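In my numbering, the protein residues as written are 531 to 793.
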């Protein structure tokens, strides 16, 4: 509804049909926000779970690489070179595992915490106040119904006084809960955009901080790979030349069909 950004709290006392109609629009909008936020929460939770799994899997990979030298294979070739190479990879992968673990913690704080707060605090408050307002409205309708029946009968003044007091009390409670409900719905309109952007900003900040984005990969990994290029070539040469004279003479790792594919 263009041009209307808040519910008029000053009109809660009259509780006109127009006010109720406008309330219905804001309730529909709140329901849409709640549904979308739930979907976004589930998607972000998948990111968080995947990051935790990546951290655990990377740690396991490093552990397995470190344990290679303890393995005994019936057939092996230049095992010392292979073991040394895997130890170098294990060292770097172990550092990556630590980065992934820290990133998981940051995602929990910067991404999951704000969207969980919005979901569990702000949106749940709307649902709670809606229920309270509905109960107060039902109580007031019942009091009005009792009063309308009372006017058609000849009851004593004490009964009339009790019914009128009930009408007054229920109307007062309905008015108070309606004001609280309107205030919460208005607050949601001001908070919804930032509440959806905050976890996204937290996600991006955590990713940039740890340089996991493809455009920001740390050059240190590339340097490490270049330093170990000689070892890797020896290993490739050993693997690619099982039919040679046992020394791997004449084997060039650059002859491997996959060499340079990623360069």
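Idealized CB from N, CA, C, for every residue including glycine. Predicted model, so just to flag it, every value in this text is computed and none were measured.
An exposed status is given to residue 603, since fewer than 16 other beta-carbon atoms sit within 10 Å of its beta-carbon.
Per DSSP, the continuous alpha helix (DSSP H) segment holding residue 553 begins and ends at 547-596. In the displayed model, residue 639 falls within a helix according to three-state DSSP.
Segment contact: the stretch 630-643 against the stretch 656-665, fewer than three CB-CB distances shorter than 8 Å; contact not assigned.
The beta carbons of residue 653 and residue 623 sit about 41 Å from each other, so the pair does not count as a contact at 8 Å. In the DSSP assignment, residue 670 falls within the alpha helix (DSSP H) that extends over 654-680. From the listed residues 543, 641, 687, the smallest Cα separation to residue 572 is found for 641. In this structure, DSSP gives residue 609 a helical state, which the three-state scheme calls helix.
For residue 601, there is no enclosing alpha helix (DSSP H), as DSSP marks it with neither H nor E. If you draw a 10 Å sphere on the C-beta of residue 577, you find fewer than 16 other C-beta atoms in it, and that means exposed. Short of 7 Å from the beta carbon of residue 638, and not among the five residues preceding or following it, lie these beta carbons of its own chain, in chain order: 578.
Check the Cα spacing between residue 567 and each of 694, 695, 676, 646: the tightest is with 646. Counting along the chain, residue 726 sits inside the alpha helix (DSSP H) bounded by residues 687-739.
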